[in-house]
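In this note's numbering, the protein residues as written are 143 to 1136.
Written out as structure tokens, the structure is:
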């Protein structure tokens, strides 16, 4: 398809080349002389900047550097420095400047020749202008060759060599002419890079940059054209058309002309929804975000044995993928029969037929919480090079984008351990040349078009061959009959054979006969081996029965914990052992294949092995021991999360009001390490919290754990999972008839709803918290609930109610001695005063809150104080101070991974920019805020940002696009019943009739 370009636009703009100016090879010094003209005129020797003198002296150096090695006569240089009115002593001054420069520069660089001067003998890349020319030529060559990834990267490096305005601070008409020329070249290079951005599909990322550029260069039609295309491809058709309307009006008002034909043609194509505009001009061999094709297949086992007929059959199906809509093979069989091993082996053999990559995922279908298709699709899209910002939220949209990304590629997808056909269908490529391999415990007869394979146990010959490869030919050859007895006792099940053989290989003092005798014990094995579906359990029993006592206990207890995997410190809590000893035990379990090493320091069970481990725990561990193991794990997470909370929020009294733990948690050297732990352990922490909801004795600690981990919601990292966990805890709490427990559970859910912008629900829950907390005599949740109701009242325009709630919150926090809580309520009260016109009081309250945070060393919440103070200063007209406070807050929020607050601070900065009439700066700030807040914060906040973006766009003359933003904001406010709808309705222009 076509990517609209300006008629006759060059591929990569060029300026006259600076000739190569090489010094002789003998002149090799460590301190190389370098010059810069794409910014202030400067010179460096190595890393040391040289003194290039007065502005006129720098003007002489610039004129010589821009002569590209040619000699400039004295008359030409005098004209360049002083124009038509040189001073009487101009020639003498010129010679003085040249003499001073010679003393600063290397010998032989500034030479006298024919009554003039020249700069000679520079190394390659010594002049930034020459370096940009070389990079621009390299980019053009790469683009011509179709390598857009490299071309974009090179042009980005070229543009990065500009350091502000070219020839900054250099006087004279000649310098001004050169500045204009170089700036025009820079803009052409920038347009070329943006053009390639759109060709590579980076339209969403380009909108913010193009918005700022069109504000800075409103009459530059090519930038307007690129912005229209980027908006259209981002699904913002109305805004794209509004940009055209703004441009047409501006050109008519300023120049009295119409838009050029290319721009008019693009508008018509957008109106027609021309399919040729929907995607980049040509599929690229490499994805934008990750130019390396995915190669996710797990390693094939080196001792793969047998299955020759299946390998051939599956290989033929995969080979037929070319020319077919899609080749799908589904392997079914009991656990431990070797489905994954066979599928991985076949996939590796077929790699050559799928040059565009291989994707792999364990769908965890045998467990209680199978992988969600939308989560898997997100992972696949990232592996295929899709930018995070371009991945949609819904399952249907992700599946459609996934199929689009795979179109024209030849990719093999291995979907391991599927639950059912419904889980698999959204993950199938559906395009010619691609193929999928699926493994599952069930036969997928309802997976249309799939080639079904039922995988049975090994033949006796294959089983003996596998056993021999692991144990060793020498040991088996002398005891062949005993070896046959072993594999028969294993039911010829590959996983059981591998476990048994591995144990034997690890014990050099054992003979095969010893192992066969152990397996002959019917009390451990025979009955189960003959029980059909229980064959997998019987095979696991073999390995389990040979574990050392400490290993067996670990195997049983660690299998009790929910979560995708477990870390060494968490496992140490379950086992009540030192971390070093725990790791040794886990490594021993890895050797037996009963536990997998998921990553350094992390371990996981196969789904079926976990079920077996829990059955063993039910059988072999007293109830008190099982409950104690999970209680210690809950203690570990609660103590550690409380420690993280305390590090992030010094002085906050929440940690003093949490349940007391008997098992310690981790300590951290700094905030970064604490924060990393929280986000790394998020899924496991939430899983254990949900698991603990069912126990009467564990529920209060589980609720406190979720409260201490509130950053998982507030940051936007795990908001949905956090809310779902809070709901589960509340359901259990309501069955306890314990007001304190229910109040705290409600508080975590209310917090999640505030973060998500569901204020009506949050307010009702916070109201219940106050009642229950009063009944329980628990002042802390009441304080938090009052604070939450205060800010919710502000959002809903109930300022009197808000002030009442916040005043009580301040009183409660002071009673508790909770200074950060008091600061939070003060900052919120500041916003109430702002809303009621008490600007001076608002500034004082926010300042007071910020000072409390700072005194406590609470940098993250100090950023919230600066956020509130920035808002108050904005309304008081102290715009520079407001921007300073908000920028300080933004830095902390970004460093703390607080996406919600990062986006809201960008929104507030846009408000400051609008108040200061810096509309060209406000627009990209608001655009970036929309991007950061995508999927978090709720629709009400999104409506606020769209409203501000509309004002910014109006300020830079893009009034039609502003109307589109306001119309979307009005739709949001009307759906929510928000008071802001009235003000925005006044902004929305009436629909004109023809």
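Every residue, glycine too, gets a C-beta built ideally from N, C-alpha and C.
- Residue 786 has its alpha-carbon roughly 10 Å from the corresponding atom of residue 807.
- The region 1048-1112 is shown to contain whole alpha helix (DSSP H) runs of 4 or more residues at 1061-1074 and 1081-1097, in chain order.
- Residue 642 and residue 613 have their C-alpha atoms roughly 9 Å apart.
- Collapsing the DSSP output to three states places residue 1017 in a helix.
- For residue 920, the three-state secondary structure derived from DSSP is coil.
- The beta carbon of residue 658 is closer than 6 Å to those of 624, 627 and 628 in its chain, skipping five residues each way along the sequence.
- With 16 or more other Cβ atoms inside 10 Å of its own Cβ, residue 282 counts as buried.
- In the structure shown, residue 178 adopts extended strand secondary structure according to DSSP, grouped into three states.
- Setting aside the 5 residues that flank it on each side, residue 242 is surrounded in the same chain by 195 and 199, each with a C-beta closer than 8 Å to its C-beta; the list follows chain order.
- Take the alpha-carbon of residue 971 and the one of residue 550: they are about 58 Å apart.
- If you draw a straight line from the Cα of residue 372 to the Cα of residue 208, it is about 37 Å long.
- Taking 8 Å as the upper bound for CB-CB distance, residue 1003 and residue 966 are in contact here, some 7 Å apart.
- Ranking 1039, 797 and 900 by CA distance to the CA of residue 959 puts 797 first.
- With contact defined as three or more Cβ pairs closer than 8 Å, the region 861-875 and the region 816-832 are in contact.
- Excluding sequence positions up to five before and after residue 1121, its CB lies within less than 6 Å of the CB of 939, all in the same chain and listed in chain order.
- Under the Cβ criterion (8 Å, minimum of three pairs), the region 497-517 counts as touching the region 527-543.
- Residue 258 is bridged by DSSP to 215 and 255.
- The three-state reading of DSSP puts residue 934 in helix, counting H, G and I together.
- Between residue 701 and residue 752, the C-beta spacing is below 9 Å.
- Taken in chain order, the complete alpha helix (DSSP H) segments of 4 or more residues contained in the region 832-894 are 841-850, 853-856 and 861-876.
- A Cβ-Cβ distance of about 6 Å is found for the pair residue 976 and residue 1013, placing them in contact under the 8 Å criterion.
- If only uninterrupted alpha helix (DSSP H) runs of at least 4 residues are considered, those enclosed by the region 531-617 are 537-548, 563-566 and 602-613.
- A distance of 9 Å or more separates the beta carbons of residue 1041 and residue 821.
- Spanning the alpha carbons of residue 482 and residue 454 requires a straight line of approximately 16 Å.
- At the C-beta level, residue 447 and residue 607 come within 9 Å of one another.
- The count of Cβ pairs closer than 8 Å, one atom from the region 1076-1088 and one from the region 1110-1126, reaches three, so the stretches are in contact.
- Looking at the DSSP output, residue 473 bridges to 581 and 595.
- In the three-state scheme derived from DSSP, where H, G and I count as helix and E and B as strand, residue 762 is classed as helix.
- Boundaries cannot be given for residue 652, as no beta strand (DSSP E) includes it and DSSP labels it neither H nor E.
- Under DSSP, residue 1115 shares a beta bridge with no residue.
- Counting along the chain, the unbroken beta strand (DSSP E) around residue 738 starts and ends at 738-741.
- Taking C-alpha positions only, residue 234 is separated from residue 228 by approximately 12 Å.
- Here residue 716 has 699, 700, 703, 771, 774 and 775 as same chain residues with Cβ atoms under 7 Å from its own Cβ, once five neighbours each way along the sequence are excluded.
- Secondary structure of residue 506 (DSSP, three-state): coil.
- Within the model, the alpha-carbon separation for residue 790 versus residue 963 is close to 14 Å.
- Residue pairing for residue 190: DSSP places it in a beta bridge opposite 187.
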